[in-house]
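Everything below concerns the one structure shown next.
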Amino acid sequence: MNPDYIWLTEGMELLTFFFIGPLLAISIAYSAWRGKPHSFGRKGYIMACLASGVTALLLFGLAKWINADVRTPRYFVQLACVLLSGLLFGICMGFGFSLLLKVWRWHKTTRLIEQ
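Quick note on our numbering: the sequence shown kicks off at 327 and runs consecutively.
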């Protein structure tokens, strides 16, 4: 890969972390707010949040550890790890925000007082 095209990979990384990941998080939180996944309980949200978060951290750590030069084929493995970790981090944010919404909805102070 020619180092002149490094702006393309950097653009993909920025797009993943700042647009596609948050878009995934918003869509997961919105579907949870609407109650779409009926089979998912609080434990399912916790497990999905933890699994995707830990996997994202491990993939990002692996990408940092690879430390490949842009002219080597290992750079594509590093790029794939970074992009996948960005997507998994967005999924983790979505499930985490869904958990916060569920806790907020279940909290006694947010309920209307019955008269």
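Glycine included, each C-beta is placed from N, C-alpha and C at the ideal position.
Contact check, residue i vs residue j, beta carbons under 8 Å
i, j, result
"LEU376", "ILE417", "no"
"ALA374", "PHE421", "yes"
"THR335", "LEU413", "no"
"LEU383", "CYS407", "no"
Between the CA atoms of residue j and residue i - distance to the nearest angstrom
i, j, result
"TYR331", "SER411", "22 Å"
"ILE352", "PRO399", "34 Å"
"ALA394", "HIS364", "44 Å"
"PRO348", "SER424", "13 Å"
"VAL396", "PHE386", "17 Å"
"VAL429", "ILE346", "26 Å"
"LEU340", "LEU409", "9 Å"
"LYS369", "ILE392", "34 Å"
"TRP333", "GLY367", "42 Å"
"ILE372", "PHE402", "32 Å"
"SER378", "GLY337", "23 Å"
"MET419", "SER357", "13 Å"
Closest by C-alpha distance to residue i, when choosing among the options
i, options, result
"THR381", "PHE415, LYS362, TRP430 and TYR356", "PHE415"
"LEU427", "TRP359, MET338 and ILE354", "TRP359"
"LYS390", "GLN404, GLU339 and GLY379", "GLN404"
Which ranges would you report for the beta strand (DSSP E) in the segment 343 to 411 if only whole runs of at least 3 residues count?
none
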